[in-house]
Amino acid sequence: MDYQVLALKWRPQRFEDVVGQDHVTQVIAGAIEQDRVANAYLFSGPRGCGKTTVARILAKALNCEKGPTREPCGECESCKSIAVGNNFAVQEIDAASTGGVDDIRDLRVRVGYSSMEGRYRVVILDEAHQISKEGNNALLKTLEEPPSNVVFVLATTEYDKIIPTIRSRCQRYAFRLLRSEEIAGRIEHIAGSESIELGEGVSMALGRKAEGSMRDGLTLFDQSVSSLGKKFELDALIDLLGLPRYEHYFDLTDAIIQRDGAAALKALDASLDAGGTPSDFVMGLAVHFRNLLVMHMNEQLLDGELPAEDLATCKRLAAEFKDEDLLYLTRLSGDRAEQIRRASQPRILAEAFVVELTRYEKRALLSEVLSILKGSGQAVPSPESPVSRRNPGTGGGSKATGRRPGLKSSPPSLVSSPQPPAASASPQANYALSRSGLEAAWQTFVGAVKQSSMIKGQFLDKAKPGGVDREAFTLHLDGHFRTLLDNHEDRLLLQDKFREIFGEGRTVRFMAPEDEVAPEAAAPRVSQTRADDARRERSLQEHSDNALVADLLKKFDGEIVEDR
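Residue numbers (this note's numbering): 1 to 564.
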């Protein structure tokens, strides 16, 4: 027999052989036992996690000579022919290339004929989200009322692109990404059966590199065996695949703690010189900070993901950070990895980023600020509002945000002898909260959005700034681009960037260019606005009379504002 790659040779042939998808396989096997097989299934999930494999096992279970059964024998002619892909009762169709209306109409005709090779016809539509609009329309009626012996299985990596009318006609099963230790366990099982000797840490390194895809893990394993032979160690694997070594992340983290930019650059250079790419290194850094965060929460959750000695080092490093720090660093590294991947000079951006990390602002809680004042003998509350402060040694200012009404201040460093705060160069000092201010800040605002998402920033290029009121800032945008940006996630992005530039938050309001309201149209709202102002002034006056609040305002040179 010709050589088979390991991913095909060791493809699961029974439900119990599928790794990490018990929530799917057990339910389907139970439905077969109870003779409750649906006419259409929708398998969604990331690539290489077993969607098509489970569809084939379903076909075998339905057509096995001993079935329908949850445990196909694997020995009968039906099982063997389905396993090698030449059973006429099972059709696998790539919707990416044959998802047009004519292809689907032809499929409707074919499924109407009974097969001579099995009691069920099983149609597997891979990449089903790529079926054309007309093809979906042609498929709808067939999915709703197929012949009694036909089962459709639609597999997709992009569930949200499956139209609702198709979804409603299918039973959906969501496949998940596999954990590193699950992939590593499968690799070790195959290695034992193939007489391949793996050094310590090899299987886990392959599992992490696979990023949740069993197929990717086995492909990398196959590549490693082809290049290194049937016995190799972790160092050889790292050199072959250009994997970042964990000690590089540990060295970089130590550099961040010590605020040593030169040491951070050395850690990056060591990883890149070993064959890694800048974007892979920074994405791996996001995973590393995630590991430190998980270590903070519950170190047992990392059991099996890292070697014992790496777990000990992670525990030491995690003790140097707070949850707020690690959340920030994880998100920042993930965002920057995507930017670096698209950059024309990725190494330069990666170098700038690791130096930036050694100067990042630590996070704290307002309760920590208040606890310092507690030494004066005053009784203070314990609000859990987030505070951003400079890392020790930077001499920068702080920013505190409380609940409504809250404190907005720029206190000096919290030391025994306070020094006057440095002059602020924040963007909000340059722009007024008005239409003219928004127009003046427009390019800065668009540029800030592009730093987080180039695509969203390009959409925003099509917009024009509108007005700013007490509740929202207005963007004028035509219908197509307004639809692309008018969702919860993108609204939060725009609101965050507005707060960064102006120092105060507002919601975002989208309007068509022709819907701009003339100033006189807002006149009927004047009386309500005055009433809101009076209520707000009364509320702020009540808080300014509080002795503790007055002391905070004096110490931090702050003012009371309403937090929206």
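Just so it is clear, CB atoms sit at the ideal spot from N, CA and C, and this is done for glycine as well.
- A straight line joining the alpha-carbon of Cys76 with that of Cys64 spans about 7 Å.
- Its Cα nearest to that of Asp216, the residue Leu8 stands out among Ser436, Arg169, His129 and Leu8.
- Taking the Cα of Leu292 as reference, the smallest distance to any Cα among Ala267, Leu327, Ser279 and Gly275 is reached at Leu327.
- Glu16 sits away from Arg70, with the two beta carbons spaced by 7 Å or more.
- Linking Ala89 to Leu143 through their CA atoms gives a straight-line distance of about 17 Å.
- With contacts defined by Cβ atoms closer than 7 Å, Leu6 and Leu218 form a contacting pair.
- In the DSSP annotation of this structure, Gln443 is not part of any beta strand (DSSP E); the continuous alpha helix (DSSP H) holding it starts and ends at Trp442 to Ser452.
- Bridge partners of Leu306 according to DSSP: Asp303.
- Gly212 and Arg176 have their C-alpha atoms some 8 Å from each other.
- For Phe289, the enclosing alpha helix (DSSP H) starts and ends at Pro278 to Met297.
- In this structure, Ala59 and Ile82 form a Cβ contact; the two beta carbons are roughly 5 Å apart against a cut-off of 8 Å.
- Residue state for Gly467 is assigned as strand, using DSSP reduced to three classes.
- For Ser226, the secondary structure class from DSSP, reduced to helix, strand or coil, is helix.
- For Ala205, the closest C-alpha among the options His129, Gly284, Ile162 and Leu140 is that of Gly284.
- Taking C-beta atoms under 8 Å as the contact rule, Phe481 and Lys450 fail to qualify, at a distance of about 15 Å.
- Here the alpha carbons of Gly447 and Arg336 stand approximately 15 Å from one another.
- Around the CB of Gly479, fewer than 16 other CB atoms lie within 10 Å, so the residue is classed as exposed.
- Residue environment: Arg342 is assigned as exposed (fewer than 16 neighbouring CB atoms within 10 Å of its CB, all protein chains considered).
- For Leu154, the uninterrupted beta strand (DSSP E) run begins and ends at Val150 to Thr156, by DSSP.
- The DSSP-derived three-state label of Arg186 is helix.
- Lys231 is positioned such that its CB atom lies no closer than 7 Å to that of Leu220.
- Judged by pairs of C-beta atoms under 8 Å, the segment 148 to 165 does not touch the segment 16 to 31, as fewer than three such pairs exist.
- Between the segment 91 to 109 and the segment 121 to 141 there are three or more C-beta pairs closer than 8 Å, enough to call the two in contact.
- Where Val355 is concerned, the enclosing alpha helix (DSSP H) starts and stops at Pro346 to Leu357.
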